[in-house]
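Numbering (the working numbering), first residue to last: 1 to 1048.
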Amino acid sequence: LASLEDCKGACAQNASCRGVEYSRGRCEVWTRHQGVQTVDACKYLCYAEPQCQGIQYMDDGGYCKVWIRPAGIGATSLRLEFVLADPSAGDAACRGSHASDNNPANYFLAGGTSIEDCKQSCREEPLCKGIEYSSGRCEVWTKPEGIQAVKSLGGFTCLRYSIAGMSSTTTPVMTTATTTTVTTTTTTTTTSTTTMATTTTTTQTTMAPTTLAPTTTTEAKNCRGKYAQCGGKNYNGEKCCIYGWDCVFVNDFYSQCKPAQLQARSFAVRSRCCESGLFCKFDNDFYSDCRPTEGSTVAPSTTSGPTSATSSTAATTTAATTPTGTTTTLATTTAAPQSTTAASTSNSPCQKGYAQCGGSNYQGSTCCEDGFVCKASTDSYSQCLPNVTTTAYTGPSTTTTQTTTTTPPPTTTTTAGPPTTVSTTTVQCKRRYDKYGGMNWKGATCCEPGWWCVYQSPCYSQCKTTTTTTPYAPSPGDQRADAQFLMQGSFGPTRASMMEIDGVGYDEWIHTQIALPASLHRAFYRKRAAPQTSADGALEKCSVGSRWRSTALSKADVGKNISVQAGQLSVAGRLRTELSTSSTWAAMSYEGYICELANNVMLSQDADCANTQSRQMPLPWTAAPTAAGATFEVLRPGTLVLKEAQANCQLTDIIQSDVENAGTFYVHEPRLVLVENTLEAPASSETWLGGQCPSVPRSFVNEASCKLLPGCAPLEMRGVQLDLNVSTLEKFFQVSGRYVYAVTDLLTTEPPCGVQQSRWKRLDCSAVTCTATALSSSDASLMHAALAEEEGWLRDVNVDCASVPADAIVEVNGEFFQHVHPQEYNVYDFTNWVSEHPGGPDKIRQWTSKGFILKYPASHPMGRWASTKALTYIRPNFVGRFGDSMSFLGLPQTLQTFPLATAFGALESFNGFAEVCGSAGEVANDLDLGHQYSFHVPDHPVDTGFDVDYDTPAEVPDLGRASTWTMLALEAPDQLRQRMAWALAQIFVVAPDDATARHTEMFVNYYDIFVRHAFGNFGDILREVTYSPVMGDYLTYKRNRAFEGLPG
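So this is what it looks like as structure tokens:
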């Protein structure tokens, strides 16, 4: 431009111009407007301006006008536009009714390579509600409800196609809200007579309705494209143009789509101010409302909503003087919104606390009883809610109403009551932390000095302390800030936690959380573990709480042996039902396995259920049922619980009861009983099973809980020596019913040379031919030296020989030793295998009558001995080598019972006191909660017989710890403690492979270290982690794959 003045003129012609830069004919028109880059930013400028009536916003340059004209915005032109569905989400994909709703029915795919092409596809679709665009992929959303949610995803853009302002041939009227300002000044003088003078100033302004300039509305249709015809005589097509183009009249026969002039968009924005005593409470992105501020001494008036004519009511406070000269402030009342232009005056009794006191079409009293004030919740409903500070009064209220219409002048009607007499009553204020108020509260409404009433819910307020000298009033609530705080201090906000923290304050919430008792994971797990079992520790039939079911089989029986013989059906050796002559099972003679339970039962004679047959589900029945003198209760349909039994109870495995239906048979379902032995309440001989006391050793963790209790057995049994001979194996069976055998006739095919240990058995040359195997001189020398170092008739050696065959015989000092299988003559506890053996339990039980020496059948391949079942049910129960001597304390835990200890002299009679110590989280199980988590029991190591219908029950045993953690993260009240424990667990990590079904309780007990010490001493955590067997196992060389298969 030729001059600076020409450059200024160019700025004047640009509505977005904010300044110019001019130099030697070069003119820059600056349109940058810092801070108003979006329409929302422009709206917030309006919120900050008390006189704001609306805004105008232009995308070009961020042009924003904040209108303060009393009559409002004179005219506006609004249009369809693309706006971000959620500006706060950043890059995001569109969703339907919630963040996971990506139903393909919500949209269709459109062509195009750019976002502008995608927008054009939306403009040409009449039902378009918005678009989602990402890397050339365009979704045109046509869901009738529109885009209601988004999901944050990098590289995605979600835009709503919304009508920001296309007005139609109708003329909308925007009526500004009536503004009422009430200023109250109170002066108090303390003399022998108390005087309270109140001055009230009321300012009322009523705005005339504002009419928007009429324009033409165009809905989203298949509008005409660029420069296309859009009108004219005899033209029958669409008369609208695509976004950015206007239909321009050319002549009577032709109108054309031409580029549109950029227009400003206008928005009416209401003030976000609340009257005295209220604050603006954010509820969601679309709604905030005015709520009471705790500690307010002003009873805010309600404001009528829009009616058929402009109507407003001014609240007036009137002072009445008693004959004694005392001035008392009367209650301030406000006329409720009415459907007509005249407000009514009522002398009806005031409403009770929490009753309705206003709203559309409400005809009752609009005042509230002492201690409550009428608050508007919506245009349709007002309610009497607690007012923290109130003034007691008697006598009718004074009501002032003022009605304004658009034509006649306002009229005022005032009704005053007779003089008011003030009575003084002495009230005993509530003490600290006492309940102060709430729905139906009739007690005192004051707190002791230094303590203030804190509103917590409509049903409860409480006297709480504050560090200030004024009543405690929480800052205006912000749900977004509350939610962010709870995301950091818990596992996420819930409706309950949001209500709990609302108005309480973060410091108090933290102190409350710290004071809550710890929700231990071990306790949660144990309460919900009640597996079926036939081992020691099951609840006896005549014990209160014993469980009975109306089906002969349950999910816990899947995989177990089933036997149908001589009119009886048994599972794992336990009777489930007798078979009547009418039963479809009566004629069967069957040994096999239970493969599946549904409406029918699937059976197979193969352990792997390769060939199955379907049978009708059997029901319990017996020819001689018992249930006399016992009282049962229905736990759930088909399941009874014994509530009371007589002293001489003689219940059998099958009973008959009429509790559910007359004559129904039930079979006993033995459940494992866990006994409580916590740090707070160590078990005694009366609570522990069998009259004995627990043997938890003293440690730095539980030493404070240890007690001396009478009648308890010693904590440690004596380590007497046992010879693993036939006599000892027979005693295991006779005393405790354990099937403990030495196994023989295992075939070996692997040579004894190498890193693996080899076993050699001394031969009885009087019974067999003893001939040494020909070996090289070096191998013979190595074998002779290794065997000569050992003693006994079974010798285990490691020899790095070169070529010694399997089954070789070597002579050592005149004795001959033969190479045998590494487990030959090992002693195992086969009790668990009795119920799991494919051929039935009798095939394992028979060896009790054959010298307790189990001979491995020659017909069985050796692969069975190394199978998964053998590794699960037999090999872990290793006792020792047959013929060796060992300590009683070296026996497996299943054999270290008190009866066996007594039988072998390892337990002496003890009538004195013994020390008993508790264990953290070792609570009793709750049989009413059923069996929800896998719990290892000796007779059924793989536990899948749950009382809960899981989708994948086979995977649940390994998920016990994860499920326990998840449920406590979701439901535990001490959320801050749980969140802190989770953070600590990320520091002191152990391998998840160690938390299998057998180690779930061990792992959750380890995790509880962090739960118990979440707010304690870090040194205590380090100490307990150091001594934890879970961490010790994790830090050992066990399962170290780096050295697998390497020599040495």
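We put the CB at the ideal spot given by N, CA and C, even for glycine.
Alpha-carbon spacing of residue i relative to residue j, whole angstroms
i           : j            : result
residue 811 : residue 794  : 14 Å
residue 658 : residue 640  : 11 Å
residue 771 : residue 863  : 30 Å
residue 662 : residue 672  : 29 Å
residue 522 : residue 1005 : 5 Å
residue 980 : residue 1014 : 6 Å
residue 720 : residue 732  : 15 Å
residue 764 : residue 815  : 9 Å
residue 517 : residue 500  : 18 Å
residue 117 : residue 28   : 32 Å
residue 585 : residue 559  : 19 Å
residue 239 : residue 14   : 30 Å
residue 616 : residue 651  : 27 Å
residue 22  : residue 12   : 15 Å
residue 257 : residue 233  : 16 Å
residue 701 : residue 539  : 31 Å
residue 97  : residue 241  : 31 Å
residue 867 : residue 696  : 35 Å
residue 602 : residue 594  : 6 Å
residue 543 : residue 530  : 15 Å
residue 511 : residue 462  : 16 Å
Beta-carbon spacing of residue i, residue j below 8 Å
i            : j            : result
residue 920  : residue 1008 : yes
residue 933  : residue 963  : yes
residue 490  : residue 976  : yes
residue 353  : residue 369  : yes
residue 1049 : residue 620  : The question about residue 1049 has no answer here: the residues shown for the chain are numbered 1 through 1048.
residue 844  : residue 739  : yes
residue 904  : residue 730  : no
residue 105  : residue 121  : no
residue 778  : residue 819  : no
residue 131  : residue 124  : no
residue 578  : residue 623  : yes
residue 372  : residue 349  : no
residue 135  : residue 155  : yes
Opposing strand residues paired with residue i [DSSP bridges]
i            : result
residue 1065 : The displayed coordinates of the chain run from 1 to 1048. Any statement about residue 1065 would go beyond what the structure contains.
residue 683  : Beta-bridge pairing links residue 683 to no other residue.
residue 564  : 569, 590
Local conformation of residue i per DSSP, three classes
i            : result
residue 798  : coil
residue 242  : coil
residue 1011 : helix
residue 663  : coil
residue 134  : strand
residue 260  : coil
residue 654  : strand
residue 514  : helix
residue 386  : strand
residue 122  : helix
residue 158  : strand
residue 812  : strand
residue 463  : strand
residue 607  : coil
residue 358  : strand
residue 646  : coil
residue 929  : helix
Cβ neighbour criterion (16 or more within 10 Å) applied to residue i
i            : result
residue 788  : exposed
residue 1000 : buried
residue 160  : buried
residue 252  : exposed
residue 1049 : With the chain running from 1 to 1048 in the structure shown, residue 1049 is simply not present.
residue 563  : buried
residue 827  : buried
Chain D contact for residue i (CB, 8 Å cutoff)
i           : result
residue 801 : The chain labelled as chain D is not found in the depicted structure, where only one protein chain is given.
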